Amino acid sequence: MSDSDSPRDDKGTERAGNRRWAWLVPQTFAYSSMNVRLLKQILLMSALFTLAATFVQLYTDYLEDLEVLDQRVADIERSQVPALSLAVWQLDSHLIETQLKSIESLPDVRSVEVQTAYGDRFLVSSQEAADEIRVYTLELNAERGRRINLGVLHISVDIGVINARVKKRLLVMLTTEGVRTFFVSLGILLLVQFILTRHLRDIATYLRDFRTDDLAKPLVLDRRRRMTRDELDVVVEAFNGMRGRLHDEVEALEQVKRELEVSEEAHRLALDATQDGLWDWDVDTGRVNYSPAWLTILGEKFVRPQYRTWESRIHDDDREQVLAGLRRHLEGGTEAWSAEHRLRKNDGSWIWVLGSGRVVKRDPSGRPLRMVGTMRDISQNKQKEEVVWHQANYDSLTGLPNRTLFHSLLGREVNFALREGNMLWVLFLDLDGFKEINDVLGHQSGDALLIKVAQRLTRSVRQCDVVARLGGDEFVVILAGTLNSAMVDRIAKKLIDVVGEAYDLDGHDVFVTTSIGIANYPNDADNAGDLIKFADQSMYEAKKQGKNRFHYFTPALEAASVLRMQISSDLRKGLRGDEFGLYFQPVIDLADGTVCKAEALLRWFHPEKGEISPAGFVPIAEETGVIVEIGNWVFERALEQLRAWRTRFGEGFQLSVNLSPLQLRAQGSVKGDWLYRVEASRTAAQSLIIEITEGLLIEKETAVAERLRRCRDAGAKIAIDDFGTGYSSLAYLKHFPVDALKIDKAFVEGLGGSGGDGAITAAIVDVAQRLGLQTVAEGVERAEQAEWLTALGCDLAQGFHFAPPLDAEAVRAALEAQCDGSAPAAIDLTAPPAPTTPAGDAMELGRG
């Protein structure tokens, strides 16, 4: 039915009023709409009709203007020609010119010319130019008994004025008719839009949104009440009739469906009655019938059959959510109601239950009348879920939040700080020396230490702060609120102090320290991921600066981290791209000046950055583990060269290769073992000297000591590199198989000076001689240094004074010269040395 036949409420009337002029929106002119096509047709037909009418009108006006011009010339012929003919007959030139000027002064006349029969010519012309001229020719005659031709009169008339008037009329008429046509067409279009197309669009919108679950809304068009019905009313009435029939059919189906659901629910409740409590609620009266199983779950024998009996037992933390869900279902917002919540039992304890139900009866207006449901005890399931959740989110050893929960908590704290405009601090802690405690006292003691550290950290911060264990000996603390850097300083110092106190582990007083990295939100990072990453980087910087301290994040740390990552990637590419080279520095016997050994030194020639000093990439290679691959590459190449030199120069020649601590710890597999490689290359182990740092021996790792003993038992020599620079204790020299001590360049540089370098060097040589160890001085660059070392009893030396690092061919040439009997000075110092690396840089592979 149309709007004139359908009732409207106040809101509907208001919405209709708001849409009264909605048909004027730009959609009226939507591309390819019927309105646009109609407008095009109207404009086209109107334009064609206007053009035709304008052409006819203008052509008629043009002919009328020409007729006026012809009439004017005819008037000249009647009034002026007789007098002009007489003047010509009398040959009165003055009168002729007077007559011609009279004619020339007439409108639109541009020139007048008389040509007499006697050959005379008289011309009167206007100075104005004319583009379009029409010439009229009149005969001049005299009647003297007969017609005598005296000549002709030529009158030149400017018809451009007529044409201009025609063009002007054309422009005015086209403009006027075009504007008139456009507005008439637009008016017709708007009329059609108002009468028809806007209603068609409303019908289309209604049909597009039409749903079988919303049949109560009829199709109503926004039209004024009409006395007579038109085609739109017929369409609306037909559709609403169809909607009504469909509504009745859907209602019948829904009723059948509800009856089936009630039946199914009753059967299901009957089947579950043995374990679930049942309830039947009369919503009108508030009376609820509770089954015996429902009472048993709550430990009751009798309760009042009221709705309040259940509601009053709901836990305060659950009540709002449970009742809100129930209200939504009663209002028809959900198909069923279900909620997990806690209920108070008869003894005052709490149990978890799963309540579920649905309205099975409503009145015609949709108001609920009856609701039935069940209640199941799910306490055991909840306990299991809590255990699983706790195991997934808490560290099983310390009870602290683990990595997973920490990231969640940090994300929450970052969001809170963002909303409140607060600062947030992340402290990343790593225990110093924990590995040694684990190795010496065992993992059980290590675990006990971690538990005690966790307890101390938790007691040292506020209750609102978060302490978590990320794994291993790594802990992290989140400090929330408006703390400034001075307050964070105090907290970090406190954490360092409490961690550094003694721990009683099975009767042993054990000490451990911690290094802390600190990052701040929002100054350092604006997200959780970067905060923890920057705090981690800062922690490593604290370790580099001596451990047992804290360090704040700076942008330079991130830049250094990115650089380390890039260098690590380039190192792996360099191994595959053959960017590394091996050079050798001869070692001289100070007793006779002969070359008796050489040390293998690594060089990296980066394709873009050029030569990179070992000091610039070896520490990064050790951090990332790439040092193992690089070390194996160096060892393979060194063995190849050593085998060639031994074949040519005898078995007495030895080659030193630096061994990184990380490499030595990685010698687990048979094929990864250096001794296996030596045997596979058919090179005698006696020709190999393995150089390690004294720090590796101080750590007293059993596996490391065992591998060093295996190397020495096979015939290889063990040398301590940079001796005297790291530790003061010499006790390890009694327990580890060491053959030589390499005196660091730092002591050699000061020989002959006023400092104590000479005394230190002499002491090292004396200790070595007493222990039966060979001494090798590094970094000898001047002759006086070599003389001092010889005087002190040092056995061997190497440095730029004797030879720089050379390629294999230069070393071979030096050894050839030595074998031929040449003086030791025959080492060719002009041969291509290793690329110029500052003498102070770490030249060896794997200084640890």
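Take 303 as the starting number for the sequence shown in this note's numbering and just add one per residue. Glycine included, each C-beta is placed from N, C-alpha and C at the ideal position. Quick caveat, the model's predicted, so the values are computed rather than measured.
Pro594 in three-state terms, based on DSSP:
helix
In this structure, how does DSSP classify Met529 when only helix, strand and coil are distinguished?
If DSSP states are grouped into helix, strand and coil, Met529 belongs with coil.
Find out if the Cβ-Cβ distance for the pair Leu751, Val812 is shorter than 8 Å.
yes
Got a sec, what are the start and stop residues for the beta strand (DSSP E) Lys914 sits in?
Going by the sequence as given, residue 914 is Ile instead of Lys. Here the beta strand (DSSP E) through Ile914 covers 912-914.
With a CB to CB cut of under 7 Å and the five nearest residues on each side skipped, what residues in its chain are close to Ser863?
Gln839
Rounded to whole angstroms, what is the Cα-Cα separation between Val674 and Leu645?
Rounded to the nearest angstrom, the two C-alpha atoms are 19 Å apart.
Using only CA atoms, which one of Asn443, Ser381, Val426, Thr352 lies nearest to Val390?
Asn443
Going by C-alpha distance, which of Phe777, Thr676, Lys737, Ile793 is nearest Asn591?
Thr676
For the beta strand (DSSP E) containing Phe813, name the first residue and the last one.
Element bounds for Phe813: n/a, residue is neither H nor E.
How far does the beta strand (DSSP E) with Ile1045 in it extend, from its first residue to its last?
1042-1045
Compare the beta carbon distance of Arg1012 and Ile1020 with 8 Å and say whether it is the shorter of the two.
For Arg1012 and Ile1020, no; Cβs fall outside 8 Å.
Would Glu817 and Lys845 qualify as a contact pair, given that the criterion is a beta-carbon distance under 8 Å?
Residue identity check: residue 817 is Ser in the sequence provided, not Glu. Yes, these two residues count as a Cβ contact at 8 Å.
List the whole-angstrom C-beta distance separating Phe852 from Ile798, where the pair is believed to meet the contact cut-off of C-beta under 8 Å.
7 Å
Using beta-carbon positions only, say whether Tyr364 and Val468 come within less than 8 Å of one another.
yes
Hey, how far is the Cα of Ser308 from the Cα of Arg629?
Low confidence applies to Ser308: its pLDDT is 43, below 50, so where it sits in the model is not reliable enough to give any reading.
Assuming Pro670 is part of the beta strand (DSSP E), what are its boundary residues?
670-679
DSSP three-state call for Thr1077: helix, strand or coil?
strand
Distance between Asn724 and Arg758 (C-alpha atoms, nearest Å)
27 Å
Mark Ser565 as exposed unless 16 or more other C-beta atoms lie within 10 angstroms of its C-beta, in which case mark it buried.
Looking at its Cβ environment, which holds fewer than 16 other Cβ atoms inside 10 Å, Ser565 is exposed.
Kindly indicate which residue of Glu399, Ala376, Val375 has the alpha-carbon position closest to the one of Leu283.
The structure shown does not extend to residue 283, since the chain is modelled only from 303 through 1150, so no value can be given for it.
Apply the 10 Å Cβ neighbour rule to Asp562 and answer buried if 16 or more other Cβ atoms are within range, or exposed otherwise.
Residue identity check: residue 562 is Leu in the sequence provided, not Asp. Exposed, since its Cβ has fewer than 16 Cβ neighbours within 10 Å.
Classify Asp697: buried if its beta carbon has 16 or more other beta carbons within 10 angstroms, exposed otherwise.
buried
Kindly indicate which three-state DSSP category Leu326 falls into: helix, strand or coil?
Its pLDDT being 49, under 50, Leu326 is placed unreliably by the model, and the measurement read from it follows with that caveat. Leu326: helix per DSSP, three-state reduction.
Beta-carbon proximity list for Val980, same chain, < 6 Å, skipping 5 on both sides
Closer than 6 Å at the Cβ level, and outside the excluded window around Val980, lie Ala987.
Continuous beta strand (DSSP E) stretch holding Arg471: start and end:
Unbroken run through Arg471 is the alpha helix (DSSP H), 462-494; no beta strand (DSSP E).
Identify, in the order they occur along the chain, each residue of the same chain with its Cβ nearer than 8 Å to the Cβ of Leu884, setting aside the five sequence neighbours on each side.
These residues qualify, in order along the chain: Ala902, Leu903, Leu904, Arg905, Val936, Arg939, Ala940, Gln943, Ala1110.
Report the three-state DSSP secondary structure of Leu645 (helix, strand or coil).
The answer is strand: DSSP assigns Leu645 an E or B state.
Quick check on this structure: which residue in Ser710, Glu688, Leu772 has the alpha carbon closest to the alpha carbon of Leu729?
Leu772
Nonlocal neighbours in the same chain, by C-beta distance under 6 Å from Glu776, ignoring five residues either side
Asp732
The alpha helix (DSSP H) with Gln757 in it runs from where to where?
745-762
Tell me the DSSP bridge mates of Leu417?
Residue 417 is actually Gln in this sequence, not Leu. Beta-bridge pairing links Gln417 to Arg423, Val454.
Can you find the residues in the same chain that come closer than 6 Å, C-beta to C-beta, to Pro328, ignoring five residues on each side of it along the sequence?
Because the pLDDT of Pro328 is 49, which lies under 50, any placement of that residue in the model is unreliable, and the number read from its coordinates should be weighed accordingly. Setting aside the 5 residues that flank it on each side, Pro328 has no residue in the same chain whose C-beta is closer than 6 Å to its C-beta.
Going along the chain, which residues of its own chain have a beta-carbon closer than 8 Å to the beta-carbon of Phe919, five neighbours each way excluded?
Once the five neighbours on either side are set aside, the close Cβ partners of Phe919 are Ile869, Leu873, Trp906.
Going straight from the alpha carbon of Asp618 to that of Gly588, what length do you get?
22 Å
Buried/exposed call for Pro1134, threshold 16 Cβ in 10 Å:
Low confidence applies to Pro1134: its pLDDT is 48, below 50, so where it sits in the model is not reliable, and the reading given next is rough at best. Under this definition Pro1134 is an exposed residue.
Residue closest to Phe955, alpha-carbon to alpha-carbon, out of Asp532, Cys1121, Val375
Cys1121
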